[in-house]
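J.: Below are the structure tokens for one structure; questions will follow.
2 protein chains.
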Amino acid sequence: MALDADEIAGTLAARGLRLTRQRHAVLDAVAEASSSVSPVQVFDAARERCPELGLTTVYRTLELLSEIGALRRVHGPDHCEAFMPAGAAHGHTVVCSACGRVAEFTECDMGAVVDAAVLQTGYRITEHFLQLSGECPTCGARTGQARGAAGGGA
Amino acid sequence: MALDADEIAGTLAARGLRLTRQRHAVLDAVAEASSSVSPVQVFDAARERCPELGLTTVYRTLELLSEIGALRRVHGPDHCEAFMPAGAAHGHTVVCSACGRVAEFTECDMGAVVDAAVLQTGYRITEHFLQLSGECPTCGARTGQARGAAGGGA
DNA sequence: ACACAACTGAAAACGGTTTTCACTTTCAGA
DNA sequence: TCTGAAAGTGAAAACCGTTTTCAGTTGTGT
Numbered sequence: 001m002a003l004d005a006d007e008i009a010g011t012l013a014a015r016g017l018r019l020t021r022q023r024h025a026v027l028d029a030v031a032e033a034s035s036s037v038s039p040v041q042v043f044d045a046a047r048e049r050c051p052e053l054g055l056t057t058v059y060r061t062l063e064l065l066s067e068i069g070a071l072r073r074v075h076g077p078d079h080c081e082a083f084m085p086a087g088a089a090h091g092h093t094v095v096c097s098a099c100g101r102v103a104e105f106t107e108c109d110m111g112a113v114v115d116a117a118v119l120q121t122g123y124r125i126t127e128h129f130l131q132l133s134g135e136c137p138t139c140g141a142r143t144g145q146a147r148g149a150a151g152g153g154a
Numbered sequence: 155m156a157l158d159a160d161e162i163a164g165t166l167a168a169r170g171l172r173l174t175r176q177r178h179a180v181l182d183a184v185a186e187a188s189s190s191v192s193p194v195q196v197f198d199a200a201r202e203r204c205p206e207l208g209l210t211t212v213y214r215t216l217e218l219l220s221e222i223g224a225l226r227r228v229h230g231p232d233h234c235e236a237f238m239p240a241g242a243a244h245g246h247t248v249v250c251s252a253c254g255r256v257a258e259f260t261e262c263d264m265g266a267v268v269d270a271a272v273l274q275t276g277y278r279i280t281e282h283f284l285q286l287s288g289e290c291p292t293c294g295a296r297t298g299q300a301r302g303a304a305g306g307g308a
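These protein sequence lines are chains A and B, in that order.
With this note's numbering applied, the first sequence covers 1 to 154.
With this note's numbering applied, the second sequence covers 155 to 308.
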């Protein structure tokens with residue numbers, strides 16, 4: 001999910017900071033996640049690259065990377081603290097409640113929803129976080145019925 | 155924000171539960187808050203009415219009241235767990251990133267977004283979590299520019 | 001009055017996050 | 001190359017919000 005390591009290294013260097021092996025591992029872990037991830041999920045994923053990585057460092061790195069704008073902090077549906085690549089602002093994800101598989105879809109009508117919210121509330125909306133969940137085609141087929149709803153939609 | 159105590163008492167009674175003095179205090183504390191409130195904030199506020207109230211009870215009551223739909227759980231700006239009175243049904247919330255005030259708006263075109271997601275992914279969507287954030291009119295006015303986006307629409 | 005279930009608060013347990021601390025790595029300058 | 005300073009690190013402890021446990025209280029129906 002396209003996070004340019006060189007660019008980030010540059011941003012860090014401009015502050016006298018470095019893109020260490022550990023930080024790189026954290027960055028990659030978030031970049032490759034198909035949805036927002038919690039610190040512990042990052043920890044687990046990043047450890048495969050960098051086994052001696054500590055959880056402390058993950059927290060510190062997530063903090064740092066979101067500070068320089070490389071990552072975005074979001075409120076996940078379950079966990080409060082979750083992160084996702086900053087560039088990915090505009091795809092949304094659908095999580096299968098049965099198998100956990102994640103699919104992406106490119107945003108379409110969110111603009112209309114946001115406009116409606118602006119009209120109703122007077123707020124100037126700057127960000128939105130949308131997470132859908134349901135049943136993926138595979139799990140839907142396995143449980144028997146399912147597909148009906150998916151097909152009928154539009 | 156108008157939470158009808160009698161109605162809530164009725165809903166509870168239908169389940170064999172009671173609207174006790176403590177629960178009433180919690181309910182009032184949330185109802186009178188101008189933005190979403192954390193459990194501890196509720197605790198502090200409710201204690202003025204009911205000094206012997208325990209924090210445990212606050213947690214339990216918030217859980218219970220949001221379960222029966224009297225309160226709504228939202229992701230506050232600082233704390234993950236925050237509550238607000240549940241207004242008219244089916245809405246989403248907009249959190250002000252500056253002051254934390256929460257506004258509701260009734261869902262409108264989410265159906266279209268969901269339909270699009272169904273088409274693109276083949277998932278059978280059953281739930282969605284949407285959280286908007288931005289700047290409320292008050293904070294927008296305070297910071298100078300802002301208002302344009304919010305006011306323009308209507 | 002009695003029995004039973006709902007309800008409560010204090011304290012302990014729990015779990016995620018932050019801080020502390022001793023140590024390592026990296027880099028600039030002599 | 002050596003040296004010193006600052007960045008960076010992991011383990012363990014501390015911290016803090018939330019949940020669970022437990023013994024006791026309150027309210028309701030009989």
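Beta carbons: idealized from backbone N, C-alpha and C, even for Gly.
Bear in mind the structure is a predicted one, so any value in this text is a computation, not a measurement.
Name the DSSP bridge partner or partners of P239 (chain B)?
T.: DSSP, once it has assigned bridges, lists B:L225 as partnering P239 (chain B).
J.: Using a Cβ-Cβ cut-off of less than 9 angstroms, list which residues of the region 113-129 of chain A approach chain B; keep chain order.
T.: V113, V114, D115, A116, A117, V118, L119, Q120, T121, G122, Y123, R124, I125, T126, E127, H128, F129
J.: Determine whether the beta carbon atoms of V191 (chain B) and A224 (chain B) lie at a separation below 8 angstroms.
T.: no
J.: Would you grab the beta carbon distance between M238 (chain B) and V113 (chain A) for me? Rounded to a whole angstrom, and I think it's under 8 angstroms.
T.: The beta-carbon distance between M238 (chain B) and V113 (chain A), rounded to whole angstroms, is 20 angstroms. This is too long to meet the 8 angstroms contact definition.
J.: Could you pull the start and end residues of the beta strand (DSSP E) that G288 (chain B) belongs to?
T.: 278-289
J.: Assign E135 (chain A) to one of two classes, buried (16 or more other C-beta atoms within 10 Å of its C-beta) or exposed (fewer than that).
T.: buried
J.: Is A33 (chain A) buried or exposed, if buried means 16 or more other CB atoms sit within 10 Å of its CB?
T.: Burial call: buried.
J.: What are the residues that DSSP puts in a beta bridge with E7 (chain A)?
T.: In the DSSP output, where bridge partners are listed per residue, E7 (chain A) has none listed.
J.: Going by DSSP, which residues form a beta bridge with T93 (chain A)?
T.: In DSSP, T93 (chain A) forms a bridge with A:E104, A:Q131.
J.: Which value, in whole angstroms, describes the spacing of the CA atoms of Q274 (chain B) and F105 (chain A)?
T.: 6 angstroms
J.: Comparing C-alpha positions only, which one of A:L130, A:R21, A:A9 sits nearest to R49 (chain A)?
T.: The residue with the shortest Cα to Cα distance from R49 (chain A) is A:R21.
J.: Along chain A, in chain order, which residues have C-beta atoms closer than 9 angstroms to that of P291 (chain B)?
T.: T121, G122, Y123, R124
J.: So M110 (chain A) contacts chain B; which residues on that side make the cut at Cβ distance below 8 angstroms?
T.: One finds V267 in chain B with Cβ atoms closer than 8 angstroms to the Cβ of M110 (chain A), taken in chain order.
J.: Closest Cβ-Cβ distance between C250 (chain B) and chain A: below 8 angstroms?
T.: At a cut-off of 8 angstroms, the C-beta of C250 (chain B) has a neighbouring C-beta in chain A.
J.: Give a yes or no on whether the C-beta atoms belonging to L284 (chain B) and H128 (chain A) are separated by under 8 angstroms.
T.: yes
J.: State the Cα-Cα distance for the pair T297 (chain B) and A117 (chain A), rounded to the nearest angstrom.
T.: Each residue's CA atom was taken as its position, placing T297 (chain B) and A117 (chain A) some 21 angstroms apart.
J.: Within this structure, are the beta carbons of L3 (chain A) and V26 (chain A) separated by less than 8 angstroms?
T.: no
J.: Measuring straight from C-alpha to C-alpha, what distance separates L64 (chain A) and Q195 (chain B)?
T.: Their Cα atoms are separated by approximately 30 angstroms.
J.: How many Å lie between D6 (chain A) and R23 (chain A) at the Cα?
T.: 13 angstroms
J.: Check whether chain A comes within 8 angstroms of F237 (chain B), counting only Cβ atoms and requiring the distance to be less than that.
T.: no
J.: For V37 (chain A), write down the residues that DSSP places opposite it in a beta bridge.
T.: A:F83
J.: So which residues on chain A does S287 (chain B) lean against when the C-beta distance must stay under 7 angstroms?
T.: T126, E127
J.: Does the beta carbon of G16 (chain A) sit closer than 8 angstroms to a beta carbon anywhere in chain B?
T.: no
J.: Please classify G140 (chain A): is it buried, with 16 or more other beta-carbons within 10 angstroms of its beta-carbon, or exposed?
T.: buried
J.: With the cut-off set at 8 angstroms, would you say E228 (chain B) and S287 (chain B) are in Cβ contact?
T.: At residue 228 (chain B) the sequence reads Val, which differs from the Glu that was named. No; because the gap between Cβ atoms is not below 8 angstroms, this pair is not in contact.
J.: Against chain A, which members of the region 173-205 of chain B pass a CB distance test of less than 8 angstroms?
T.: none
J.: Taking 8 angstroms as the threshold (beta carbon to beta carbon), is A86 (chain A) in contact with chain B?
T.: no
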